[in-house]
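Residue numbers (the numbering used here), protein chains in the order written: chain W, 1 to 142; chain C, 143 to 284.
For each residue, glycine too, the CB sits at the ideal point set by N, CA and C.
Fair warning: this is a prediction, and the values are worked out from it, not measured in the lab.
Some notes on the structure that comes next.
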DNA sequence: TTTAATTGATACCAATATAGTATCAGTTAA
DNA sequence: TTAACTGATACTATATTGGTATCAATTAAA
Ligand code: FES
Ligand code: FES
């Protein structure tokens with residue numbers, strides 16, 4: 001069971017690259033080569049993130065992509081939702097036969113509780129936090 | 143993003159059916175019809191659960207499947223691992239370029255922390271617990 | 001003003017995972 | 001002897017994921 005797919009994985013890495021150079025326009029090509037992400041795949045992800053107002057773009061020579069939203073406000077939960085759809089444990093376990101009362105269903109409550117725990121854990125992890133972790137890790141090893 | 147696939151969903155339901163009639167052999171056919179699970183699909187899941195010593199079977203007429211392991215010892219985590227593979231957030235985010243030091247990688251720590259949170263949440267949910275929830279829910283509604 | 005570097009948009013393809021079906025041999029209670 | 005069962009395994013269909021290709025539009029710079 002994979003929690004993060006390539007979409008999300010690559011998107012996080014691209015955002016880290018942009019966050020590290022906030023205010024500058026960085027081309028998709030340079031991000032792709034520097035971070036070992038398939039170019040056309042990355043392009044699609046970047047366009048999707050524009051639609052969600054995480055980043056902005058500039059066309060033409062010297063163009064590229066730039067961080068728009070505050071990195072500390074971009075959570076992994078948000079990225080998962082964009083690229084993998086909303087986290088849901090199960091559409092609705094135990095339909096029909098077993099579970100007659102959807103509203104009061106104890107199982108459903110159990111499931112929803114877990115859903116919210118998972119989500120809140122991923123919400124604690126923001127691009128901003130990851131970037132700081134990354135930078136301090138690099139200092140140690142250099 | 144779906145956390146539980148049909149495999150796991152059906153397996154849980156089948157186990158609940160068996161746990162509710164502990165000590166008896168129940169045929170795959172009756173479980174399938176009563177709980178609206180595709181018969182051949184269910185058969186495969188049951189065989190897989192035999193291999194993992196969750197249940198046992200008896201061949202021939204009046205045969206079927208019976209709970210083997212204590213329902214309170216069967217966690218949703220275990221079922222996810224059987225049917226969807228071990229929970230892993232990402233194979234290894236930020237390989238190569240960014241992350242030179244696998245052992246000390248802060249990002250990796252962050253990811254592993256979340257992994258363990260997710261796992262421990264699902265470990266709290268056992269077949270035994272679900273069954274009791276289910277039974278008390280049924281009492282209320284009847 | 002031409003050109004090369006760029007994004008926008010979109011269609012396509014390949015690989016893998018998920019969901020479901022079919023078949024036939026072997027076992028066993030009735 | 002037979003019908004109700006499981007064991008084993010192969011097959012198919014569909015969806016998701018991962019990746020590639022193409023071409024038009026834009027723009028800084030030569
Ligand atoms: S599990 Fe869906 S309503 Fe109870
Ligand atoms: S993310 Fe894999 S070692 Fe750092």
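Please classify residue 180(C): is it buried, with 16 or more other beta-carbons within 10 angstroms of its beta-carbon, or exposed? Looking up residue 180(C) in the second chain gives position 38. Under this definition residue 180(C) is an exposed residue.
Can you tell me the Cα-Cα spacing of residue 208(C) and residue 30(W), whole angstroms? One-based indexing of the second chain puts residue 208(C) at position 66. One-based indexing of the first chain puts residue 30(W) at position 30. If I take the Cα positions, the gap works out to 59 Å.
Member of 79(W), 19(W), 60(W) and 34(W) whose CA lies at the smallest distance from the CA of residue 7(W): Residue mapping note: residue 7(W) aligns to position 7 of the first chain, counting from 1. For residue 7(W), the nearest C-alpha among the options comes from 79(W).
Which whole-angstrom value describes the C-beta separation of residue 17(W) and residue 26(W), a residue pair presumed to lie in contact below a C-beta threshold of 8 Å? Start at 1 with the first residue of the first chain, and residue 17(W) comes out as number 17. Start at 1 with the first residue of the first chain, and residue 26(W) comes out as number 26. About 7 Å separates the two Cβ atoms, so the contact holds.
Label residue 49(W) either buried or exposed according to how many other C-beta atoms from any shown protein chain fall within 10 Å of its C-beta, with 16 as the threshold for buried. By 1-based counting over the first chain, the position of residue 49(W) is 49. Buried: at least 16 other Cβ atoms inside 10 Å.
Tell me the DSSP bridge mates of residue 6(W)? For the purposes of this step, residue 6(W) is taken as residue 6 along the first chain, with counting starting at 1. Its beta-bridge partners do not exist; DSSP assigns none.
Shorter than 9 Å from the beta carbon of residue 112(W) to some beta carbon of chain C? Sequence index remark: in the first chain, residue 112(W) carries index 112 (1-based). No, its Cβ sits nowhere closer than 9 Å to a Cβ of chain C.
Which chain C residues sit within Cβ distance under 7 Å of residue 84(W)? As a working note, residue 84(W) is residue 84 in the first chain. Correct list: 143.
Can you give me the Cβ contacts of residue 224(C) inside the same chain, cut-off strictly under 7 Å, excluding the 5 residues immediately before and after it? The sequence position of residue 224(C) within the second chain is 82, counting from 1. Excluding positions up to five away in sequence, the list reads 190 and 194.
With DSSP as the reference, label residue 125(W) as helix, strand or coil. If you number the first chain from 1, residue 125(W) lands on position 125. Of the three classes helix, strand and coil, the one that applies to residue 125(W) here is coil, per DSSP.
Hey, out of 153(C), 230(C) and 161(C), whose CA is closest to residue 275(C)'s CA? As a first step, residue 275(C) must be located in the second chain, where it is residue number 133. For residue 275(C), the nearest C-alpha among the options comes from 161(C).
Are residue 259(C) and residue 123(W) close, meaning C-beta to C-beta below 9 Å? Walking along the second chain from the start, residue 259(C) turns up at place 117. Walking along the first chain from the start, residue 123(W) turns up at place 123. Their beta carbons are not under 9 Å apart, which means residue 259(C) does not touch residue 123(W) by this criterion.
Please confirm whether residue 146(C) and residue 226(C) have their CB atoms less than 9 Å apart. Within the second chain, numbered from 1, the residue matching residue 146(C) stands at position 4. Within the second chain, numbered from 1, the residue matching residue 226(C) stands at position 84. With contacts defined as CB atoms closer than 9 Å, residue 146(C) and residue 226(C) qualify as a contacting pair.
Where residue 172(C) falls: helix, strand or coil (DSSP): Here the question's residue 172(C) lines up with position 30 in the second chain. Collapsing the DSSP output to three states places residue 172(C) in a helix.
Should residue 44(W) go down as buried or exposed, given a rule of 16 or more other Cβ atoms within 10 Å for buried? Here residue 44(W) corresponds to residue number 44 of the first chain, with the count starting at 1. Counting Cβ neighbours within 10 Å, residue 44(W) comes out exposed, since fewer than 16 surround it.
My parser needs the beta strand (DSSP E) runs of 3 or more residues fully inside the region 174-238 of chain C; what are they? 197-200 and 206-209
Go through its chain and collect everything with a Cβ distance to residue 269(C)'s Cβ below 6 Å, but skip five positions before and after it. For this step, residue 269(C) is matched to residue 127 along the second chain. Once the five neighbours on either side are set aside, the close Cβ partners of residue 269(C) are 157, 161, 213 and 216.
To be precise: take each residue of the region 51-81 of chain W, compare its Cβ to all Cβ atoms of chain C, and keep it if any distance is under 9 Å. Which residues remain? 76, 80 and 81
What does residue 265(C) reach in chain W if we use C-beta pairs closer than 7 Å? The count along the second chain starts at 1 and reaches residue 265(C) at position 123. What residue 265(C) touches in chain W: nothing, since even the nearest Cβ is about 11 Å away.
Just checking: is the beta-carbon of residue 48(W) within a distance shorter than 9 Å of some beta-carbon in chain C? Numbered from its first residue, the first chain carries residue 48(W) at position 48. Not one chain C Cβ lies under 9 Å of residue 48(W).
Between the CA atoms of residue 10(W) and residue 254(C) - distance to the nearest angstrom: Indexing the second chain from 1 puts residue 254(C) at position 112. Indexing the first chain from 1 puts residue 10(W) at position 10. Each residue's alpha carbon lies about 18 Å from the other.
Nearest CA to the CA of residue 345(C): which residue from 272(C), 271(C) and 230(C)? This structure gives no information on residue 345(C), because the portion of chain C shown stretches from 143 to 284.
With H, G and I counted as helix, E and B as strand and the rest as coil, what does DSSP make of residue 112(W)? Here residue 112(W) corresponds to residue number 112 of the first chain, with the count starting at 1. Looking at residue 112(W) - three-state DSSP - the assignment turns out to be helix.
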